[in-house]
Amino acid sequence: MYLLRGVMGAQSAGPQPSGAETVQKLCDRVASSTLLDDRRDAVRALKSLSRKYRLEVGSQAMEHLVNVLQTDRSDVEIIGYALDTLHNIMSNEMDEPEENSQSQTDDLGSQFTEIFIKQQENITLLLSYLEEFDFQVRWPGVKLVTTLLKQQGPAVQQIILVSPMGVSRLMDLLADSREVIRNDGLLLLQQLTKGNAAIQKIVAFENAFERLLDIITDEGNSDGGIVVEDCLILLQYLLKNNNSNQNFFKEGSYIQRMKPWFEVGDDNTGWSAQKVTNLHLMLQLVRVLVSPMNPPGATSSCQKSMFQCGLLQQLCTILMATGVPADILTETINTVSEVIRGCQINQDYFASVNAPSNPPRPAIVVLLMSMVNERQPFVLRCAVLYCFQCFLYRNQKGQGEIVATLLPSTIDANAVSAGQLLCGGLFSVDSLSNWCAAVALAHALQGNATQKEQLLRVQLATSIGNPPVSLLQQCTNILSQGDKINRRGSKIQTRVGLLMLLCTWLSNCPIAVTHFLHNPSNVPFLTAQISENLGEEEQLVQGLCALLLGICIYNNDNSLENYTKEKLKQLIEKRIGKENFTEKLSFIPKHELYSKAAQKPQPNFSSPDHMMFDHEFTKLVKELEVVIIKAIYKSTEEDKKEEEVKKTLEHHDNIVTHYKNVIREQDLQIEELKQQVMALNSQNEQFQVTVTQQLSQIQQHKDQYNLLKIKQGKDNQLHSSHVEGAQINGIQSEEMIRLREEIEELRKEQDILQGQLAEKDGLIANLKSAQPEVRTERSPPEGVPADGSSENAMELYKELEALRSQIQAQSLEINGLQTERQELLHKIETVTAASALASGDSTAVAASKVAELEERLVASLKETNSLKDEVKTLSEEKSALKQQVDSSNSTAAISQNENKKLEQMLADSKKEQDDLLILLADQDQKLTALKNKLKELGEPVEDEDDLESGDQGDDDVESGDQGDEDDEKEELEED
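Numbering follows full-length UniProt numbering, in which position 476 of the sequence shown is assigned residue number 476; successive positions increment by one, without gaps.
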């Protein structure tokens, strides 16, 4: 305790121990004390000394602190002190100055971190402590892991990556309800994901996007605080240069959740610095998804998603809003530029955006006003130029609209157009405006030969009373004046811009080259510029002049006699020299500003003086440099061969283009048919479901009907039994007469039924006699008529078979003639080839043979035509025979239908007879039952055997009839 009192501030009488000695004693106490309280006090003392005596605590106590983490896990207080101490000795952000600063190295924290992570178990131990919910343990653990990642990022990342569930444990920090731990967890994940694609993918698939966007929304989007900034930085780390995460972000519909970030009101004044920072990071995050450095497919899909969800529309609203800070406006212009770059749908929408002015003006015109205005900030002018370039990138429709504003037929004197602004900037006294306007106009011509030809029609009015001059001529006039005009800005910037415009204009456009060469002063000016020995600044202009002259040679169609390819090459050889020309041409790619411009499409310059090259122009230089040098050293014969090859390639290109168009149309048709098939399949499925439902309903109705039928039958039986019981029990003497009357009526009905039965018997006899005839009529085979026409039908079948065999034989003969014709054609070709080599009399002999072969060929063709006619007639006869056979088949079908009808009538008559017999039997049973009832009641009932003798004969007749009926019934049953 004396030691602790000394450390904690108690004064002692003797000399005070040094810091190293105190740390050594505390370390001994931590290592040797058996009581947990003593070790806790010692670790607390080391924590208080770790800032002032960082080197001593780090070198002596690190091992003891790790042992504490391993052994005293149950005590959260000592664990918290140990973690804080380790964080203090490894972090370079110290509040108190250290005592022995001369003995400290510049990067002491990195050295201690390297020692700590040599044992990978230490990192695993720290990750396990991050699972503890206690604040005294979890928060120091988060800070310590963050410090380790700052000091030795790649090494610690690799250890965490291979640790089981290491990244998942760190992701759980975002779900902590305590904001301090959650916010420090964001800082930890920033360091964890920085520059490691594997960890970025794991974090993304741990639902990081959902959690981070939820935090941004909860914090108030762009109005949030520093936490929103940390979330946006982490999102950038996860998405930048990571195609997998970008695709996952788009597929997860997270782009749609970015739209509320950019909702701004009418009053945009008084933005806080944090809001400006947040919105700046949000715009940068959008640019990460649509960066030109990403794969084209991924960028295109993100661009379409941003248009569909309304994000592009929201960005254009900020673009046209008032009161937006300048840096946010600049970044918004750059963001809109990359969202529309190369995407036709987005470019068309941007062309339709109007500024809220009176009268409304297109947004492109408003932006170009800022670009050619020298009072605007430099970064804003660069952003507008980039936006215009992206609008025209692979947008031939937009290029045509811009060039059309310069043509005489479309110029509106009352409205400011994009073409007027570009021409105004091209010929202003501000060199930066000249350069921007020239580059913008060059992008309107990039890869579009049609617009290059259209731009040749542009005429400019220079001054009152003078005739108008073409735009091409005016550009060359300004170029030839050089430094004679007093301009603001760089001396060579205007000439560089005009030369880039002319090179872009003349490349791959022979008509523009002819117009340029038609001015007799242009070629001498270029040769003079190239041949002079000027300073370093002028070397760039010389290289561009060499490039322009080389384009005039390479794309020359030799339409001007004084400036053909050969004469221009001779001029270079005499006035300049081929080696000197090549050297001057190489000045362009060797320039420092050229390599910077070739890196990214966005014009990003530190100052206006460095604004020399455009990204697309660097691509053109790479494409033309080699071919121009080859064209200079080629001979006339090689040029002719190359022209022939070019013509052949152009022809092939036209064919390929034609077939591409055909294939494109077929693809569209296939897509339409596929959509129709899908629609029909869906309708079919719906119909099948409907049919199934209806069938089930029908089955249910059948079951219900059967149940009702059974129930009704039972009710009828019960009702009849109750009625009979009532009749037996309640019968009276006066009812006897009624019963006898019913018996008499039943007898009369029996007599009537017997008469009807006799009539049916006669009908059955007639049907039996007609049945053998029906069976004989049905005897012929199916498909053959049953009447006398069967023989004719058989003969027709035989003739049909004979005709078929004849047709087959003739087709074989035709095939043989065709093969013979092919052999004759082959012989004619061989004879023709032989005749070309032969001379004198052999030519005449070959010609006679050819004539003879041609005559044979004509004869064979005539014979083939005649055979075709015969085949045609035979096919007509065959169709007639088929019609006859069809008519005979229809007759047979009619006879079969009649037979079926007779059979049906016979069956119906049998059924009626059976019904009559059943009815008679029921009547007999009822009579017998009534007689029995009368006998039971004591009434005398006379049987048929006791009738009078006068009625005996009738009874005999009736019995005989009854016997005949029984016999007939047995015969019918036998039948």
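Just so you know, even glycine gets a beta-carbon here, dropped at the ideal spot from N, CA and C. The structure displayed is predicted, hence computed values, not measured ones.
Exposed unless 16 or more other CB atoms sit within 10 angstroms - verdict on residue i
i	result
Ser12	Legend: pLDDT at Ser12 = 46, less than 50; position of this residue unreliable, value from coordinates given subsequently. Result: exposed.
Phe391	buried
Met678	exposed
His651	exposed
Lys452	buried
Tyr53	buried
Asn100	Any reading at Asn100 needs caution, since the residue's pLDDT is 46, under 50, leaving its predicted position unreliable; the model's value is listed next. It is exposed - the Cβ of Asn100 has fewer than 16 other Cβ atoms within 10 Å.
Asp787	Any reading at Asp787 must be qualified, since the residue scores a pLDDT of 46, below 50, and its modelled position is unreliable; no value is offered.
Asp869	exposed
His701	exposed
Ser357	exposed
Lys47	buried
Residue i versus the options, residue with shortest Cα-Cα distance
i	options	result
Leu753	Pro589, Ala921 and Ala204	Ala921
Ala383	Ser428, Leu368 and Val290	Leu368
Ala528	Val541, Phe613, Phe262 and Cys302	Val541
Glu121	Gly166, Ile328 and Val137	Gly166
Ser272	Thr299, Gln303, Gly225 and Pro140	Gly225
Gln191	Val145, Phe516, Tyr633 and Glu219	Val145
Thr618	Ile670, Leu235, His591 and Glu537	His591
Val288	Val523, Leu235 and Val264	Leu235
Asp84	Ala461, Leu65 and Ser805	Leu65
Asn562	Ala440, Leu174, Phe516 and Asp703	Phe516
Lys118	Thr330, Ala155 and Lys910	Ala155
Gly489	Ser433, Leu499, Leu460 and Trp505	Ser433
Ser91	Ser50, Ser33, Asp667 and Asn354	Ser50
Gln599	Glu616, Glu206 and Ile478	Glu616
Gln60	Leu69, Val76, Ile79 and Ala31	Ala31
Gln70	Val416, Gln676, Leu127 and Asn241	Leu127
Met258	Leu281, Ser244, Tyr237 and Gly265	Leu281
Arg169	Gly185, Leu407, Leu680 and Gln158	Gly185
Asp134	Ile79, Ser163 and Leu188	Ile79
Distance CB(residue i)-CB(residue j) smaller than 7 Å
i	j	result
Thr564	Asn555	no
Ile255	Ser305	yes
residue 978	Gly19	Nothing can be reported for residue 978: it is not among the residues displayed for the chain, which extend from 1 to 975.
Leu385	Pro608	no
Ala437	Leu426	yes
Ile551	Cys509	no
Phe112	Ile89	yes
Leu585	Gly543	yes
Phe613	Tyr594	yes
Val142	Tyr129	no
residue 976	Leu501	Residue 976 lies beyond the residue range present for the chain, which begins at 1 and ends at 975; the question has no answer from this structure.
Lys194	Tyr237	yes
Boundaries of the alpha helix (DSSP H) in which residue i is found, first to last residue
i	result
Met62	Arg54 to Thr71
Glu121	Gln120 to Tyr129
Gln236	Ile226 to Leu239
Arg138	Phe135 to Gln151
Thr564	Taken as a continuous stretch (DSSP letters only), Thr564 belongs to no alpha helix (DSSP H), as it is neither H nor E.
Gly400	Gln396 to Ala404
Ala175	Note, Ala175: premise wrong, no alpha helix (DSSP H); not H, not E.
Gln284	Ala273 to Leu289
Trp261	Segment: none, Trp261 is in no alpha helix (DSSP H) and carries neither H nor E.
Gly109	Leu108 to Ile117
Ser595	Glu592 to Ala597
Asp327	Ala326 to Ile340
Beta-bridge pairing of residue i - partner residues as DSSP gives them
i	result
Asn533	Its beta-bridge partners do not exist; DSSP assigns none.
Asp430	Arg488
Val469	Leu460
Leu361	The amino acid at residue 361 is misidentified as Leu; the sequence shows Arg. Arg361 pairs with Ala355.
Proximity test, Cβ basis, 7 Å: residue i and chain D
i	result
Phe617	No chain D is part of this structure, which consists of one protein chain only.
Residue i Cβ short of 6 Å to the ligand PLP heavy atom set
i	result
Ala82	This structure simply doesn't include the ligand PLP, nor any ligand for that matter.
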